[in-house]
Amino acid sequence: MGQEWFSLDRLNVLIGVVVYTALLLYFIYQAKKGKELFVRKIAGLEAVDEAIGRATEMGKPILYIPGLSTISDVATLASLNILSKVAKKAAQYETRLIVPCTDPIVMPVCQEVVKAACLDGGRPDVYREEDIYYITYSQFGYVAAVDGIMVREKPATNFFLGMFWAESLILAETGASTGAIQIAGTDAISQLPFFITACDYTLIGEELYAASAYLSREPLSLGSLKGQDWTKLIIGGLVLTGVILSTFGLRFFANYFTTG
Amino acid sequence: MNLSPDPWVWLAALLTLCIYSFLYKDNPFYKAAEHLFVGLSAGYFLVIYWYNAVYPDMVVPLFKQGKLLCIIPGLLGLFFFFRFIPKVGWVSRWSIAFYIGVGAGMSIPATMQMRILEQMKGTMQPFFSLETWHVFVENPSLASFGALIGIPLMIVGVMCTLSYFFFSREHKGVLGGMSRIGIIFLMIGFGASFGYTVMARISLLIGRVQFLMSDWLGVID
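Listed in order, the protein sequences are those of chains X and R.
Under this note's numbering, the residue at position 128 of the first sequence is numbered 128, and the numbers go up by one with no gaps.
Under this note's numbering, the residue at position 203 of the second sequence is numbered 463, and the numbers go up by one with no gaps.
So, in structure tokens, the structure goes:
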């Protein structure tokens with residue numbers, strides 16, 4: 001028996017992906033044409049410059065944790081976008097940036113991102129490859145090492161942006177105990193409470209994805225963000241329609257969203 | 261007191277105490293345990309990757325079964341090592357690009373299915389149900405009241421929370437009101453999650469203390 005090339009059970013998934021992609025492409029096109037696209041203020045991001053400036057004034061390094069997930073995780077990709085902006089600013093201020101990694105593939109990407117950011121900031125000379133290093137793939141081995149870095153290097157600013165698991169509170173608590181200003185962001189719902197409790201600013205869920213667009217103002221990121229917003233509007237409209245129809249006993253609409 | 265004669269239990273207990281000593285402040289015992297942990301885990305995962313991925317997924321199919329297609333992922337993996345040669349370090353970007361591309365391509369349909377469509381379907385519930393209303397009227401209790409308001413609360417919560425993550429408009433007027441309600445829903449959820457996880461962490465601590473008191477010192481059964 002050969003496998004099917006096209007699964008009709010997942011037609012709704014295809015439609016969803018096509019609509020979403022079309023919206024993204026449309027808004028990216030609009031942004032590239034030069035259309036002004038508004039993005040509301042995100043509190044945590046307003047503090048990024050302040051946090052980097054604080055490290056510069058204190059003459060202490062910045063610690064950037066890009067999460068503990070792999071490079072294919074959306075949160076890691078969003079984190080790398082923000083890392084680029086942080087690294088550029090840090091390079092311009094000549095502030096040391098430490099990026100310990102737990103994933104061996106994320107590490108070279110971080111190195112590339114920081115190197116490009118230093119170049120972009122006009123300071124390729126301040127790039128220090130030895131500050132972006134691999135520790136271990138073990139979750140708590142990594143945490144033990146990062147805690148050690150926090151208490152010994154005493155970074156003035158800690159960024160925890162990306163995907164986190166049970167280590168989030170240990171990292172954030174140790175960072176808070178060293179007196180560092182802390183900016184966190186993750187789409188891991190179960191870890192957000194810990195960051196909200198122990199960090200100065202927290203990017204909640206999708207704010208992490210919006211952050212890179214907000215910081216960079218690049219047409220590609222802004223267009224993507226707009227596309228996502230419109231997708232949310234459509235989702236909201238569809239959910240309301242489904243709720244109204246279901247209230248009157250009509251479940252056929254909701255059943256269209258069943259996936260195989 | 262019935263001290264354990266097992267040297268491995270002693271080692272585990274002493275390392276546990278070394279790690280806990282960090283609660284006081286950074287010290288040489290913690291540093292020793294930290295470096296041991298990091299070094300051991302790095303070596304351990306190297307071996308794990310060799311036996312769980314490289315050997316069964318590349319070495320065996322390529323060299324024992326003659327599956328030549330495995331050369332492609334093998335080469336992509338080897339490309340990472342080009343980073344050690346600055347002149348051709350750019351070759352490693354091919355592997356990274358392939359990895360990110362495949363990862364994104366595989367995760368987009370799965371995310372659309374599980375995190376969007378299924379969630380949408382789950383939210384499309386009747387806002388008001390006569391059945392739960394009758395149950396509440398006939399047997400007014402906290403449980404029946406919860407069943408009555410549960411779904412309307414969920415729908416309002418979803419819509420308001422969704423509006424909080426709308427970035428294209430300032431959060432003023434109706435959108436501002438909705439997003440403020442949304443953030444309240446979020447914080448209530450986070451609070452519940454926080455309490456639940458703290459309880460789980462305390463049970464981990466209990467497990468460790470039990471190990472020290474029972475397996476090592478033997479002061480409790």
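The beta carbon of each residue, even a glycine, is placed where N, CA and C say it ideally should be.
So if DSSP puts residue 97(X) in a beta bridge, which residue, or which two residues, is it bridged to?
As a working mapping, residue 97(X) is identified with position 97 in the first sequence. Answer is 62(X).
Compare the beta carbon distance of residue 380(R) and residue 238(X) with 8 Å and say whether it is the shorter of the two.
Within the second sequence, residue 380(R) is the residue found at index 120, counting from 1. Within the first sequence, residue 238(X) is the residue found at index 238, counting from 1. Yes, the pair counts as a contact, with Cβ atoms nearer than the cut-off.
Name the chain R residues whose beta carbon is nearer than 8 Å to that of residue 152(X)?
Position 152 of the first sequence, counted from the start, is the residue given in the question as residue 152(X). 286, listed in chain order.
Using a 10 Å radius around the Cβ and a threshold of 16 neighbouring Cβ atoms, would you call residue 317(R) buried or exposed?
Start at 1 with the first residue of the second sequence, and residue 317(R) comes out as number 57. With fewer than 16 other Cβ atoms within 10 Å, it is exposed.
Any idea which residues DSSP pairs residue 158(X) with across the strands?
Here the question's residue 158(X) lines up with position 158 in the first sequence. Partner(s): 63(X), 182(X).
For a contact meaning CB atoms closer than 7 Å, what does residue 206(X) contact in chain R?
The count along the first sequence starts at 1 and reaches residue 206(X) at position 206. Those are 425, listed as they occur along chain R.
Let's test the definition: count the other Cβ atoms within 10 Å of the Cβ of residue 15(X) and tell me whether it reaches 16, buried, or not, exposed.
As a first step, residue 15(X) is located in the first sequence; it is residue number 15 there, counting from the start. Flag for residue 15(X) reads exposed.
Straight-line Cα distance separating residue 49(X) from residue 95(X):
For the purposes of this step, residue 95(X) is taken as the residue at position 95 of the first sequence. For the purposes of this step, residue 49(X) is taken as the residue at position 49 of the first sequence. In a straight line, the C-alpha of residue 95(X) is about 12 Å away from that of residue 49(X).
Touching or not, the region 217-230 of chain X and the region 356-371 of chain R, by the rule of three or more beta carbon pairs under 8 Å?
no
Taking 8 Å as the threshold (C-beta atoms), are residue 428(R) and residue 438(R) in contact?
Counting from one through the second sequence, the residue named residue 438(R) turns up at place 178. Counting from one through the second sequence, the residue named residue 428(R) turns up at place 168. Result no, Cβ atoms of residue 438(R) and residue 428(R) do not sit closer than 8 Å.
Quick one: Cα of residue 265(R) to Cα of residue 152(X), how far?
By 1-based counting over the second sequence, the position of residue 265(R) is 5. By 1-based counting over the first sequence, the position of residue 152(X) is 152. Between residue 265(R) and residue 152(X), the C-alpha separation is close to 37 Å.
Please classify residue 112(X): is it buried, with 16 or more other beta-carbons within 10 angstroms of its beta-carbon, or exposed?
Here the question's residue 112(X) lines up with position 112 in the first sequence. Buried, because 16 or more other Cβ atoms sit within 10 Å of the Cβ of residue 112(X).
Just to confirm my understanding: we take residue 81(X), look at its own chain, exclude 5 residues before and 5 after, and list those with CB closer than 8 Å. What are they?
Sequence index remark: in the first sequence, residue 81(X) carries index 81 (1-based). Excluding sequence neighbours, residue 81(X) sits near 211, 212, 215, 216, 221.
When DSSP builds the beta bridges, which residues end up paired with residue 203(X)?
Within the first sequence, numbered from 1, the residue matching residue 203(X) stands at position 203. 185(X), per the DSSP bridge assignment.
Any C-beta of chain R sitting closer than 8 Å to the C-beta of residue 229(X)?
Counting from 1 along the first sequence, the entry for residue 229(X) is found at position 229. Closer than 8 Å to some Cβ of chain R, the Cβ of residue 229(X) qualifies, so yes.
In the region 230-250 of chain X, which residues sit with their C-beta less than 9 Å from some C-beta in chain R, listed in chain order?
230, 231, 232, 233, 235, 236, 238, 239, 240, 241, 242, 243, 244, 245, 246, 247, 248, 249
Could you work out which residues of chain X lie near residue 307(R), taking near to mean beta carbons separated by less than 8 Å?
By one-based count along the second sequence, residue 307(R) stands at place 47. In chain order: nothing, as chain X lies at least about 11 Å away.
Thinking C-beta only, is residue 121(X) closer than 8 Å to residue 91(X)?
Numbered from its first residue, the first sequence carries residue 91(X) at position 91. Numbered from its first residue, the first sequence carries residue 121(X) at position 121. Cβ atoms of residue 91(X) and residue 121(X): closer than 8 Å.
If I follow the unbroken alpha helix (DSSP H) through residue 376(R), where does it start and stop?
Taking the first residue of the second sequence as 1, we reach residue 376(R) at position 116. Premise fails: residue 376(R) is in no alpha helix (DSSP H) and is neither H nor E.
Quick check on residue 411(R): does DSSP put it in helix, strand or coil?
Position 151 of the second sequence, counting from 1, holds the residue named residue 411(R). In this structure, residue 411(R) counts as helix in the three-state DSSP scheme.
Nearest-angstrom Cα distance between residue 32(X) and residue 43(X)?
Here residue 32(X) refers to the residue found at position 32 of the first sequence. Here residue 43(X) refers to the residue found at position 43 of the first sequence. C-alpha separation (whole angstroms): 26 Å.
What does the alpha-carbon distance come out to for the pair residue 145(X) and residue 416(R)?
The sequence position of residue 145(X) within the first sequence is 145, counting from 1. The sequence position of residue 416(R) within the second sequence is 156, counting from 1. Near 43 Å, if we compare the C-alpha coordinates of residue 416(R) and residue 145(X).
Ends of the beta strand (DSSP E) at residue 82(X)?
Translated into positions along the first sequence, residue 82(X) becomes position 82. Note, residue 82(X): premise wrong, no beta strand (DSSP E); alpha helix (DSSP H) at 74-92.
Grab the span of the beta strand (DSSP E) containing residue 441(R) for me, first residue to last.
Your numbering for residue 441(R) matches position 181 in the second sequence. Unbroken run through residue 441(R) is the alpha helix (DSSP H), 433-470; no beta strand (DSSP E).
Top-ranked residue by Cα proximity to residue 302(R), from 78(X), 101(X), 85(X):
As a working mapping, residue 302(R) is identified with position 42 in the second sequence. Ranking the options by Cα distance to residue 302(R), first place goes to 101(X).
Please look up how many angstroms separate the CB atoms of residue 206(X) and residue 425(R), rounded, as I've assumed it's under 8 Å.
Mapped onto the first sequence, residue 206(X) falls at position 206. Mapped onto the second sequence, residue 425(R) falls at position 165. About 5 Å; that satisfies the 8 Å criterion.
With respect to 7 Å, is the separation between the Cβ of residue 274(R) and the closest non-hydrogen atom of the ligand FAD below this value?
Ligands are entirely absent from the displayed structure, and the ligand FAD is therefore not among its contents.
Answer yes or no: do residue 258(X) and residue 373(R) have a C-beta to C-beta separation smaller than 8 Å?
The residue you call residue 258(X) lines up with position 258 of the first sequence. The residue you call residue 373(R) lines up with position 113 of the second sequence. Cβ distance not < 8 Å, so residue 258(X) and residue 373(R) don't count as in contact.
Spell out whether any CB of chain X is found under 8 Å from the CB atom of residue 418(R).
Counted from its first residue, the second sequence places residue 418(R) at position 158. With 8 Å as the cut-off, residue 418(R) counts as an interface residue toward chain X.
Against chain R, with Cβ distances strictly below 8 Å, would residue 113(X) count as a contact?
Along the first sequence, one-based indexing puts residue 113(X) at 113. Cβ-Cβ to chain R under 8 Å: no for residue 113(X).
Please state if the CB of residue 179(X) and the CB of residue 158(X) are separated by a distance shorter than 8 Å.
As a position in the first sequence, residue 158(X) is number 158, starting the count at 1. As a position in the first sequence, residue 179(X) is number 179, starting the count at 1. No. Outside cutoff.
Own chain, CB closer than 8 Å to residue 70(X), minus 5 neighbours either side, in chain order:
For this step, residue 70(X) is matched to residue 70 along the first sequence. The residues are 76, 103, 105, 106.
Determine the extent of the alpha helix (DSSP H) in which residue 308(R) is found, giving its start and end residues.
Position 48 of the second sequence, counted from the first residue, corresponds to residue 308(R). Note, residue 308(R): alpha helix (DSSP H), 288-309.
From residue 474(R) to residue 173(X), what distance separates their C-alpha atoms?
Mapped onto the second sequence, residue 474(R) falls at position 214. Mapped onto the first sequence, residue 173(X) falls at position 173. Their Cα atoms are separated by approximately 29 Å.
Alpha-carbon spacing of residue 65(X) relative to residue 262(R), whole angstroms
Taking the first sequence and counting its residues from 1, the one referred to as residue 65(X) is at position 65. Taking the second sequence and counting its residues from 1, the one referred to as residue 262(R) is at position 2. Going from the Cα of residue 65(X) to the Cα of residue 262(R) covers about 44 Å.
Are the CB atoms of residue 156(X) and residue 58(X) within a distance shorter than 8 Å?
As a first step, residue 58(X) is located in the first sequence; it is residue number 58 there, counting from the start. As a first step, residue 156(X) is located in the first sequence; it is residue number 156 there, counting from the start. The answer is yes: Cβ separation under 8 Å.
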